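> Quick mapping for you: the protein sequence lines, in order, are chains A and B. Residues 0 to 281, numbered by numbering that gives the first Met the number 0, are exactly what the first sequence covers, in order. Residues 0 to 321, numbered by numbering that gives the first Met the number 0, are exactly what the second sequence covers, in order. Glycine residues also receive a C-beta, built at the ideal position from the N, C-alpha and C atoms. On a predicted model such as this, the values are computed, not experimentally measured, just so you know.
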Amino acid sequence: MSRRFLRKLTNVLALTLSGLATAVGLFFLGAILWTLMSRGFAGMSATLFTAMTPPPGSSGGLLNAIYGSLVMTVIAILIGGPIGMLAGTYLAEYGRASPLSAVIRFVNDVLLSAPSIIVGLFVYELLVVRMGHFSAIAGAVALAMIAIPVTVRTTEDMLNLVPQGMKDASTAMGAYPWRTITSVIYPAARSGMVTGLLLAIARISGETAPLLFTALNNQFWSTNVDAPMANLPVVIFQFALSPYPNWQQLAWSGALLITLSILILSITARVVVARLGPGGNR
Amino acid sequence: MNTAAAIDPRHAAGQRLREQLFRAATLVAALLVLTLLGGVAVSLLHGAWPALAHFKLHFLTSEVWNPVTDQFGALAAVYGTVVTSLIALLIAIPVSLGIAIFLTELAPAWLKRPVGVAIELLAAVPSIIYGIWGLFVLAPVLQRHVQPWLIETIGPLPIVGKLFQGPPFGIGVLTAGIVLAIMVVPFIAAVMRDVFETVPDVLKESGYGLGATTWEVIWQVVVPYSRTGVTGGVMLGLGRALGETMAVTFVIGNAHRIGSSLLAPGTTISAAIANEFTEAVGDLYTSSLVALGALLFLITFSVIAAARFMLLRLERRALSSV
Numbered sequence: 000m001s002r003r004f005l006r007k008l009t010n011v012l013a014l015t016l017s018g019l020a021t022a023v024g025l026f027f028l029g030a031i032l033w034t035l036m037s038r039g040f041a042g043m044s045a046t047l048f049t050a051m052t053p054p055p056g057s058s059g060g061l062l063n064a065i066y067g068s069l070v071m072t073v074i075a076i077l078i079g080g081p082i083g084m085l086a087g088t089y090l091a092e093y094g095r096a097s098p099l100s101a102v103i104r105f106v107n108d109v110l111l112s113a114p115s116i117i118v119g120l121f122v123y124e125l126l127v128v129r130m131g132h133f134s135a136i137a138g139a140v141a142l143a144m145i146a147i148p149v150t151v152r153t154t155e156d157m158l159n160l161v162p163q164g165m166k167d168a169s170t171a172m173g174a175y176p177w178r179t180i181t182s183v184i185y186p187a188a189r190s191g192m193v194t195g196l197l198l199a200i201a202r203i204s205g206e207t208a209p210l211l212f213t214a215l216n217n218q219f220w221s222t223n224v225d226a227p228m229a230n231l232p233v234v235i236f237q238f239a240l241s242p243y244p245n246w247q248q249l250a251w252s253g254a255l256l257i258t259l260s261i262l263i264l265s266i267t268a269r270v271v272v273a274r275l276g277p278g279g280n281r
Numbered sequence: 000m001n002t003a004a005a006i007d008p009r010h011a012a013g014q015r016l017r018e019q020l021f022r023a024a025t026l027v028a029a030l031l032v033l034t035l036l037g038g039v040a041v042s043l044l045h046g047a048w049p050a051l052a053h054f055k056l057h058f059l060t061s062e063v064w065n066p067v068t069d070q071f072g073a074l075a076a077v078y079g080t081v082v083t084s085l086i087a088l089l090i091a092i093p094v095s096l097g098i099a100i101f102l103t104e105l106a107p108a109w110l111k112r113p114v115g116v117a118i119e120l121l122a123a124v125p126s127i128i129y130g131i132w133g134l135f136v137l138a139p140v141l142q143r144h145v146q147p148w149l150i151e152t153i154g155p156l157p158i159v160g161k162l163f164q165g166p167p168f169g170i171g172v173l174t175a176g177i178v179l180a181i182m183v184v185p186f187i188a189a190v191m192r193d194v195f196e197t198v199p200d201v202l203k204e205s206g207y208g209l210g211a212t213t214w215e216v217i218w219q220v221v222v223p224y225s226r227t228g229v230t231g232g233v234m235l236g237l238g239r240a241l242g243e244t245m246a247v248t249f250v251i252g253n254a255h256r257i258g259s260s261l262l263a264p265g266t267t268i269s270a271a272i273a274n275e276f277t278e279a280v281g282d283l284y285t286s287s288l289v290a291l292g293a294l295l296f297l298i299t300f301s302v303i304a305a306a307r308f309m310l311l312r313l314e315r316r317a318l319s320s321v
């Protein structure tokens with residue numbers, strides 16, 4: 000075997016392996032989605048959206064869990080969205096090059112990948128222990144803590160895409176920075192910032208660990224945000240690990256619901272970003 | 000000269016006030032992000048204090064986790080956390096490297112985007128889905144087809160054989176590692192791909208110009224050039240694997256023990272917290288679980304911080320070379 004042949008052989012082998020690795024990655028995506036579809040759709044019916052979570056052995060739906068997940072996600076975005084956007088604005092505009100911003104950026108990146116169960120423990124110590132009971136509001140705060148770093152990051156990135164010339168033009172007309180930001184920069188970056196919010200919603204709507212000991216769970220219909228509230232992820236967790244077939248079926252249907260909504264959110268966000276043009280691809 | 004001030008001083012004052020308010024609001028929000036991390040550290044330490052004060056260093060060195068006798072040691076959970084993450088990385092690093100190479104160097108243009116998007120979507124799937132899939136689909140397959148084979152062929156071997164002995168449970172440390180691997184592959188692959196794309200074409204072209212094969216260019220030009228970024232991506236994946244809760248909780252078996260076999264059930268820090276926290280009776284039990292959380296925070300924080308630091312340095316280099 001000549002050296003030349005050996006090199007070619009290594010080349011072909013290595014490249015085949017990398018193609019194979021990609022195939023394996025895609026295979027698992029396909030396998031997971033296929034299982035979700037086939038098992039999840041089996042339980043799809045109107046009762047899923049109209050009935051409460053049942054006791055073992057009888058039929059029911061996921062209405063209270065779906066409602067709880069929606070409520071907590073909305074509250075979490077109402078808390079986390081503005082905070083994240085304001086902080087992102089500070090990083091992109093007021094404190095662009097300051098050392099403080101560098102530190103905040105770093106801390107934000109760490110928070111972005113911090114384990115979500117830690118966030119759950121933190122909110123437990125912060126709210127549940129003080130209030131003396133589990134509550135939907137504690138769950139929402141935990142979710143907000145996960146949404147904040149996502150929003151900070153996307154807001155900063157999107158504001159940075161606004162051409163400097165537009166900002167300069169506004170400043171040259173005598174506008175204060177806040178006027179420039181709210182009347183020029185925000186409108187210009189609007190679709191990007193909405194994308195950031197969509198991504199934040201996608202990120203928190205499947206989070207389970209932070210809800211386990213903040214919102215807990217509730218077998219019944221409850222609209223009281225100061226009390227434990229059912230939510231899809233925790234219901235899936237409990238039902239999937241139960242020995243009852245009807246509970247397991249509901250867990251699969253719930254899992255399909257969550258995954259579909261997250262995939263739709265992420266794809267929408269992607270389309271919005273793609274429409275922003277080549278500069279918006281970060 | 001501010002013309003608005005010359006026309007209407009009250010208007011100008013109002014503008015200045017709003018400016019100060021808005022600026023203050025953004026600063027407060029930014030500082031809040033900063034305090035969040037500090038708040039997490041302080042509150043975890045506060046919650047963990049009773050356990051740490053009671054067990055002292057034994058908390059780190061003891062394997063015993065017995066709620067009945069109020070004996071708590073973190074060793075088994077830490078061991079499980081580290082071992083599952085190592086298994087995950089062992090599988091995920093070569094696979095992600097392959098995907099990143101395929102996406103940047105091999106794939107035809109029409110295939111690049113859909114495959115890239117598909118891999119990124121895999122990253123958006125919440126971890127509980129991986130968990131439930133691992134429990135109901137992967138674990139039975141492993142139990143019936145893979146684990147018996149491992150026990151038969153690798154089990155009798157010296158040294159490594161110890162890792163693959165005992166009955167095939169399906170769930171256990173190995174299964175958790177595999178599910179984690181499937182979970183972190185998209186993250187690591189996405190970072191690697193982004194990093195590979197920062198390699199200047201000139202460098203690759205000079206490699207090809209010297210007669211190097213595609214693989215030689217990748218292995219001797221692209222990978223060395225992007226070493227920092229690749230390491231950063233791997234560490235980010237490690238941080239994710241160490242702290243992952245739901246994907247692991249479903250398939251690890253939740254046993255506070257250190258077994259020599261990878262097929263046996265074990266536990267991780269996050270799985271222990273997720274399983275036991277709401278059922279923990281007594282201050283010492285709860286506090287011990289929070290102490291586990293503090294430990295996890297410390298471990299993941301250092302890994303993630305190191306990863307971010309590496310990626311940050313890379314970003315600066317990319318900026319300065321433009």
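Mind the definition here: the stretch 137-148 of chain A touches the stretch 31-39 of chain B only if three or more C-beta pairs lie below 8 angstroms; say whether that holds.
In short, these stretches touch, since the Cβ pair count reaches three.
> Would you say A/Gly195 reaches chain B, if we count a Cβ-Cβ gap shorter than 9 angstroms as a contact?
As a working mapping, residue 195 of chain A is identified with position 196 in the first sequence. Not closer than 9 angstroms to any Cβ of chain B, the Cβ of A/Gly195 fails to qualify, so no.
> Under a three-way DSSP split, which group does A/Trp251 fall into?
Working through the first sequence from its first residue, we reach residue 251 of chain A at position 252. Three-state DSSP puts A/Trp251 in a helix.
> From this set, B/Ala87, B/Leu89, B/His57, which residue's C-alpha is nearest B/Ala75's C-alpha?
Position 76 of the second sequence, counted from the start, is the residue given in the question as residue 75 of chain B. Of B/Ala87, B/Leu89, B/His57, the residue nearest in Cα terms is B/His57.
> Can you tell me where the alpha helix (DSSP H) with B/His53 in it begins and where it stops?
Taking the first residue of the second sequence as 1, we reach residue 53 of chain B at position 54. Unbroken alpha helix (DSSP H) run through B/His53: 8-54.
> With a threshold of 9 angstroms between beta carbons, is A/Lys7 in contact with chain B?
In the first sequence, residue 7 of chain A corresponds to position 8, counting from 1. Yes - at least one Cβ of chain B is within 9 angstroms of the one on A/Lys7.
> Where do the ends of the alpha helix (DSSP H) carrying A/Gln163 lie?
Indexing the first sequence from 1 puts residue 163 of chain A at position 164. A/Gln163 -> alpha helix (DSSP H) spans 163-171.
> Measure from the alpha carbon of A/Met51 to the alpha carbon of each residue in A/Ala273, A/Trp220, A/Phe238, then state which is nearest.
By 1-based counting over the first sequence, the position of residue 51 of chain A is 52. Of A/Ala273, A/Trp220, A/Phe238, the residue nearest in Cα terms is A/Trp220.
> For B/Arg15, which residues from the same chain have a beta carbon less than 6 angstroms from its beta carbon, with the 5 sequence-adjacent residues on both sides left out?
By one-based count along the second sequence, residue 15 of chain B stands at place 16. Correct list: empty, nothing qualifies.
> Identify the contact partners of A/Phe26 in chain B, using a Cβ-Cβ distance below 9 angstroms as the criterion.
Along the first sequence, one-based indexing puts residue 26 of chain A at 27. Those within 9 angstroms of A/Phe26 in chain B number zero; the least Cβ separation is about 10 angstroms.
> Is A/Ala96 close to chain B, meaning its C-beta is less than 9 angstroms from at least one C-beta of that chain?
Residue mapping note: residue 96 of chain A aligns to position 97 of the first sequence, counting from 1. No - not a single Cβ of chain B is within 9 angstroms of the one on A/Ala96.
> Take the Cβ of A/Ala254 as the centre, count every other Cβ of all protein chains shown within 10 Å, and call the residue buried at 16 or more, exposed below.
For the purposes of this step, residue 254 of chain A is taken as the residue at position 255 of the first sequence. That one is buried.
> List, in chain order, every chain B residue whose beta-carbon is nearer than 9 angstroms to that of A/Val271.
Taking the first residue of the first sequence as position 1, residue 271 of chain A is located at position 272. Result: empty, since nearest Cβ-Cβ is about 14 angstroms, beyond 9 angstroms.
> In angstroms, rounded to a whole number, what distance separates the CA positions of B/Thr244 and A/Ala208?
Here the question's residue 244 of chain B lines up with position 245 in the second sequence. Here the question's residue 208 of chain A lines up with position 209 in the first sequence. Roughly 6 angstroms between the two C-alpha positions.
> For a contact meaning CB atoms closer than 7 angstroms, what does B/Gly206 contact in chain A?
Here residue 206 of chain B refers to the residue found at position 207 when the second sequence is read from its first residue. Ordered by position in chain A, no residue passes the 7 angstroms Cβ test against B/Gly206, which lies about 13 angstroms from the chain.
> Measuring straight from C-alpha to C-alpha, what distance separates B/Leu179 and A/Asn63?
For the purposes of this step, residue 179 of chain B is taken as residue 180 along the second sequence, with counting starting at 1. For the purposes of this step, residue 63 of chain A is taken as residue 64 along the first sequence, with counting starting at 1. Taking the straight line from one Cα to the other gives about 31 angstroms.
> At least one CB of chain A closer than 9 angstroms to the CB of B/Gly265: is that the case?
For the purposes of this step, residue 265 of chain B is identified with residue 266 of the second sequence, where counting begins at 1. It does not; no Cβ of chain A falls within 9 angstroms.
> Could you tell me the alpha carbon to alpha carbon distance between B/Leu96 and B/Val220, rounded to whole angstroms?
Position 97 of the second sequence, counted from the start, is the residue given in the question as residue 96 of chain B. Position 221 of the second sequence, counted from the start, is the residue given in the question as residue 220 of chain B. Distance between the alpha carbons of B/Leu96 and B/Val220 is about 15 angstroms.
> Which residue wins for smallest C-alpha separation from A/Val283, given the options A/Gly29, A/Met144, A/Val73, A/Ser190?
Within the shown structure, residues of chain A are numbered from 0 to 281, placing residue 283 of chain A beyond reach of any answer.
> Go ahead and pull the three-state DSSP assignment for A/Trp220.
One-based indexing of the first sequence puts residue 220 of chain A at position 221. Reduced to three states, the DSSP call for A/Trp220 is coil.
> Under 8 angstroms Cβ-Cβ, which residues of chain B neighbour A/Asn10?
Here the question's residue 10 of chain A lines up with position 11 in the first sequence. Within 8 angstroms Cβ-Cβ: Thr212, Thr213, Trp214, Glu215.
> Which residues in the same chain as B/Pro66 place their Cβ atom closer than 6 angstroms to its Cβ, once the five residues preceding and following it in sequence are excluded?
Locating residue 66 of chain B in the second sequence gives position 67, counting from the first residue. Result list for B/Pro66: Tyr284, in chain order.
> May I ask you to list the residues that DSSP assigns as paired with B/Gln70?
Reading the second sequence from its first residue, position 71 is the one you call residue 70 of chain B. According to DSSP, B/Gln70 bridges with B/Asn65.
> Determine whether the beta carbon atoms of B/Val172 and B/Gly258 lie at a separation below 9 angstroms.
To locate residue 172 of chain B, count along the second sequence from 1; it is residue 173. To locate residue 258 of chain B, count along the second sequence from 1; it is residue 259. Cβ atoms of B/Val172 and B/Gly258: closer than 9 angstroms.
> Taking Cβ-Cβ distances shorter than 8 angstroms, what residues in chain A pair up with B/His45?
Against the second sequence, residue 45 of chain B aligns to sequence position 46. The answer, in chain order, is Glu124.
> Nearest-angstrom Cα distance between A/Ser68 and B/Ile251?
Residue numbering aside, residue 68 of chain A sits at position 69 when the first sequence is read from its first letter. Residue numbering aside, residue 251 of chain B sits at position 252 when the second sequence is read from its first letter. One C-alpha to the other measures close to 27 angstroms.
> Beta carbons nearer than 9 angstroms to chain A: which residues of the stretch 24-38 of chain B have them?
Cβ contacts with chain A come from Ala24, Thr25, Leu26, Val27, Ala28, Ala29, Leu30, Leu31, Val32, Leu33, Leu35, Leu36, Gly37, Gly38.
> Going along the stretch 223-250 of chain B in order, which residues come within less than 9 angstroms of chain A, judged by CB to CB distance?
Of all residues in the stretch 223-250 of chain B, Leu235, Gly238, Arg239, Leu241, Gly242, Glu243, Thr244, Met245, Thr248, Phe249 have a Cβ within less than 9 angstroms of some Cβ in chain A.
> Do you know offhand how far B/Ala270's Cα is from B/Asn253's?
Here residue 270 of chain B is taken as the residue at index 271 of the second sequence, counted from 1. Here residue 253 of chain B is taken as the residue at index 254 of the second sequence, counted from 1. Taking the straight line from one Cα to the other gives about 7 angstroms.
> With DSSP as the reference, label A/Leu198 as helix, strand or coil.
Within the first sequence, numbered from 1, the residue matching residue 198 of chain A stands at position 199. DSSP places A/Leu198 in helix when its eight states are reduced to three.
> Which two residues bound the contiguous alpha helix (DSSP H) that contains A/Phe40?
To locate residue 40 of chain A, count along the first sequence from 1; it is residue 41. Per DSSP, A/Phe40 belongs to the alpha helix (DSSP H) from 2-40.
> Closest to B/Thr68 by C-alpha separation, out of B/Val280, B/Gly236, B/Trp48, would be which residue?
Translated into positions along the second sequence, residue 68 of chain B becomes position 69. Selected option, being the one with the closest Cα: B/Val280.
> Is the Cβ-Cβ distance between A/Leu158 and A/Glu206 less than 9 angstroms?
Here residue 158 of chain A refers to the residue found at position 159 when the first sequence is read from its first residue. Here residue 206 of chain A refers to the residue found at position 207 when the first sequence is read from its first residue. Cβ atoms of A/Leu158 and A/Glu206: not closer than 9 angstroms.
> Within the chosen definition, does the stretch 144-158 of chain B reach the stretch 225-232 of chain B through at least 3 CB pairs nearer than 8 angstroms?
These segments do not touch.
> Return the CA-CA distance between B/Val116 and A/Pro53, expressed in angstroms with no decimal places.
For this step, residue 116 of chain B is matched to residue 117 along the second sequence. For this step, residue 53 of chain A is matched to residue 54 along the first sequence. Their backbone Cα atoms lie some 38 angstroms apart in a straight line.
> Rank A/Leu197, A/Arg202, A/Val233, A/Leu198 by C-alpha distance to the C-alpha of A/Ala214 and give the top, closest one.
Taking the first residue of the first sequence as 1, we reach residue 214 of chain A at position 215. Comparing Cα-Cα distances from A/Ala214 to each of A/Leu197, A/Arg202, A/Val233, A/Leu198, the minimum goes to A/Val233.
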